[in-house]
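For the working numbering, count along the sequence shown from 1 and bump the result up by 16. Cβ atoms here follow ideal geometry from the backbone N, Cα and C, with glycine treated the same way. On a predicted model such as this, the values are computed, not experimentally measured, just so you know. So the structure is just underneath, and the comments pick up after that.
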Amino acid sequence: MAKIYTERDASLEPLRGKTIAVVGYGIQGRAQALNLRDSGLKVIIGVRRGGKSWELASSEGFEVYEVGDAVARADVVMVLIPDMEQPKVWREQIAPNLREGAVVDFAHGFNVHYGLIKPPKNVDVVMVAPKGPGRAVREEYLAGRGVPALVAVYQDYSGSALKYALAIAKGIGATRAGVIETTFAEETETDLIGEQTVLVGGLMELIKKGFEVLVEMGYQPEVAYFEVLNEAKLIMDLIWQRGIYGMLNGVSDTAKYGGLTVGPKIINEDVKRRMKEAAMRVKNGDFAREWVEEYSRGAPTLKRLMEEAKGHQIEKVGEEMRRLIFAL
């Protein structure tokens with residue numbers, strides 16, 4: 017059974033009187049920095065001088081420094097820049113300036129888990145991973161709620177690493193919703209597997225193939241778009257609110273019967289087998305090695321696939337349909 021922490025299990029006291037350096041002021045970095053400051057903690061920002069993030073953070077009242085300078089001033093360092101940028105920034109600016117006994121926090125375990133970042137032995141290494149985008153992290157905090165998060169300890173130098181992680185989680189509002197204890201390995205692998213087989217890859221390809229089947233059978237693309245893409249959100253909202261069984265009770269008996277009898281014939285054991293194959297590539301590190309190599313070459317495959325996705329008929333139809341929908 018998972019260990020779930022809530023407000024009563026966490027305290028901000030471990031962070032009182034300490035300086036927290038948030039490295040990166042993108043969507044997630046900005047949200048977490050603002051939430052932590054609003055929770056009464058001292059937060060500074062580490063970004064590239066002269067960039068838009070520098071200007072934005074300064075305009076919002078933060079002390080802003082070059083990354084190395086921010087790290088040197090900090091007791092807690094939160095690494096909230098994109099995964100593929102982290103190793104270089106770590107080597108050149110973070111690692112040389114880390115204080116002994118500092119707490120280093122990541123929002124995703126990718127680089128530590130796969131050995132692209134190797135923290136020194138004299139710091140705490142933790143992870144607080146909100147299960148939602150930065151915009152939601154900020155909006156839910158302001159509404160008096162929070163976005164759930166995962167929390168993990170990779171290295172406990174001080175003996176209090178979990179307390180620091182829970183304090184960060186409380187500071188950004190996550191303990192209001194609930195924080196699940198995990199490991200860097202579990203968070204990283206389940207995140208990648210979920211993205212590839214269901215959340216991004218699986219859903220995207222399922223929708224596209226459904227659209228193609230309808231259009232190839234002679235149905236109007238606009239009607240196909242509404243059936244397989246637009247209504248997908250409505251179904252996912254029901255699943256999110258009520259669970260799968262609750263969703264079934266929210267649709268017609270015809271939809272129930274058709275979905276329960278035909279769905280398993282489409283998403284069958286062969287699909288599950290291929291999902292497991294993809295999952296093993298994540299677990300054994302093959303995907304990480306492939307992605308690091310791809311990124312080092314300028315991501316040509318990713319760029320090509322993005323152009324193909326942009327050029328798909330469902331995107332052209334969808335652009336017009338969304339224009340009509342959101343104009344109402």
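Buried or exposed by the 16-neighbour rule on C-beta atoms within 10 Å, applied to R192: Here residue 192 is taken as the residue at index 176 of the sequence shown, counted from 1. Buried, by the Cβ-count rule.
Residues near R258 by beta carbon distance below 8 Å, same chain, minus five either side: The count along the sequence shown starts at 1 and reaches residue 258 at position 242. So the list reads N265 and G266, once near-sequence residues are dropped.
contact_flag[the stretch 230-242, the stretch 263-283] where n(CB pairs < 8 Å) is 3 or more: no
Which listed residue (Y130, P164 and W106) has its alpha carbon closest to that of F303: By one-based count along the sequence shown, residue 303 stands at place 287. Here the closest residue by C-alpha is Y130.
7 Å CB neighbourhood of T199 in its chain, flanking five on each side removed: Position 183 of the sequence shown holds residue 199. Answer for T199: A168, listed in chain order.
8 Å contact criterion, which V139 and L114 should meet: CB distance rounded: If you number the sequence shown from 1, residue 139 lands on position 123. If you number the sequence shown from 1, residue 114 lands on position 98. Rounded, the Cβ-Cβ distance is 6 Å, consistent with contact.
For M94: DSSP bridge partner residues: Locating residue 94 in the sequence shown gives position 78, where the first residue counts as 1. M94 is bridged to V38 and D121.
Burial state of V333, where buried means 16 or more other Cβ atoms lie within 10 Å: Translated into positions along the sequence shown, residue 333 becomes position 317. Flag for V333 reads buried.
Opening and closing residue of the alpha helix (DSSP H) in which P237 lies: Residue 237 sits at position 221 when you count from the first residue of the sequence shown. First-last of the alpha helix (DSSP H) with P237: P237 to Y241.
Beta-carbon separation (whole angstroms), G40 vs V63, contact threshold 8 Å: Mapped onto the sequence shown, residue 40 falls at position 24. Mapped onto the sequence shown, residue 63 falls at position 47. Right, their Cβ atoms sit about 7 Å apart.
A294 versus G217, V229 and R65, residue with shortest Cα-Cα distance: Counting from 1 along the sequence shown, the entry for residue 294 is found at position 278. The residue with the shortest Cα to Cα distance from A294 is G217.
For M143 and Y173, believed in contact at Cβ under 8 Å, the rounded distance: Taking the first residue of the sequence shown as 1, we reach residue 173 at position 157. Taking the first residue of the sequence shown as 1, we reach residue 143 at position 127. About 15 Å; that fails the 8 Å criterion.
Backbone secondary structure at K58 - three-state DSSP: Here residue 58 refers to the residue found at position 42 when the sequence shown is read from its first residue. Residue state, collapsed to three classes: strand.
Whole-angstrom distance between A86 and L222, CA atom to CA atom: If you number the sequence shown from 1, residue 222 lands on position 206. If you number the sequence shown from 1, residue 86 lands on position 70. In a straight line, the C-alpha of L222 is about 45 Å away from that of A86.
Where A315 sits in the DSSP three-state scheme: The residue labelled residue 315 in the question sits at position 299 within the sequence shown. Note: A315 maps to coil in three-state DSSP.
Beta-ladder partner(s) of L166, from DSSP: As a first step, residue 166 must be located in the sequence shown, where it is residue number 150. Paired residues: A145 and I196.
CB contact check: T35 to chain D, cutoff 8 Å: Looking for chain D here will not work: only one protein chain is present.
From M337, Y311 and E243, residue whose alpha carbon lies closest to that of P103: Taking the first residue of the sequence shown as 1, we reach residue 103 at position 87. With distances taken between Cα atoms, P103 lies closest to Y311.
Distance between G226 and G232 (C-alpha atoms, nearest Å): By one-based count along the sequence shown, residue 232 stands at place 216. By one-based count along the sequence shown, residue 226 stands at place 210. Note that residue 232 is Glu in the sequence shown here, rather than Gly. Answer to the nearest angstrom: the Cα atoms are 10 Å apart.
Straight-line gap, Y273 to M252 (C-alpha atoms, nearest Å): Translated into the one-based positions of the sequence shown, residue 273 becomes position 257. Translated into the one-based positions of the sequence shown, residue 252 becomes position 236. Each residue's Cα considered, the two are about 18 Å apart.
Identified DSSP bridge partners for V298: Taking the sequence shown and counting its residues from 1, the one referred to as residue 298 is at position 282. Per DSSP, none; premise fails for V298.
Whole-Å CB distance - I60 paired with R32, under 8 Å assumed: Along the sequence shown, read from residue 1 onward, the residue named residue 60 stands at position 44. Along the sequence shown, read from residue 1 onward, the residue named residue 32 stands at position 16. Incorrect: roughly 16 Å between the Cβ atoms, too far for contact.
Local conformation of V80 per DSSP, three classes: Locating residue 80 in the sequence shown gives position 64, counting from the first residue. In this structure, V80 counts as strand in the three-state DSSP scheme.
Q109, enclosing alpha helix (DSSP H) - first and last residue: Walking along the sequence shown from the start, residue 109 turns up at place 93. Segment: none, Q109 is in no alpha helix (DSSP H) and carries neither H nor E.
At least 3 beta-carbon pairs within less than 8 Å: the stretch 176-194 vs the stretch 143-156: yes
Contact check, I196 vs L166, beta carbons under 8 Å: Looking up residue 196 in the sequence shown gives position 180. Looking up residue 166 in the sequence shown gives position 150. In contact: I196 and L166 (Cβ atoms closer than 8 Å).
Inter-residue spacing [alpha-carbon to alpha-carbon] between Q109 and V83: Translated into positions along the sequence shown, residue 109 becomes position 93. Translated into positions along the sequence shown, residue 83 becomes position 67. So the two alpha carbons sit approximately 6 Å from each other.
A118 beta carbon less than 8 Å from that of D99: Within the sequence shown, the letter at position 83 stands for residue 99. Within the sequence shown, the letter at position 102 stands for residue 118. No, the pair does not count as a contact, with Cβ atoms beyond the cut-off.
E101, buried or exposed, once every other Cβ within 10 Å from all chains shown has been counted against 16: As a position in the sequence shown, residue 101 is number 85, starting the count at 1. Exposed is the call here.
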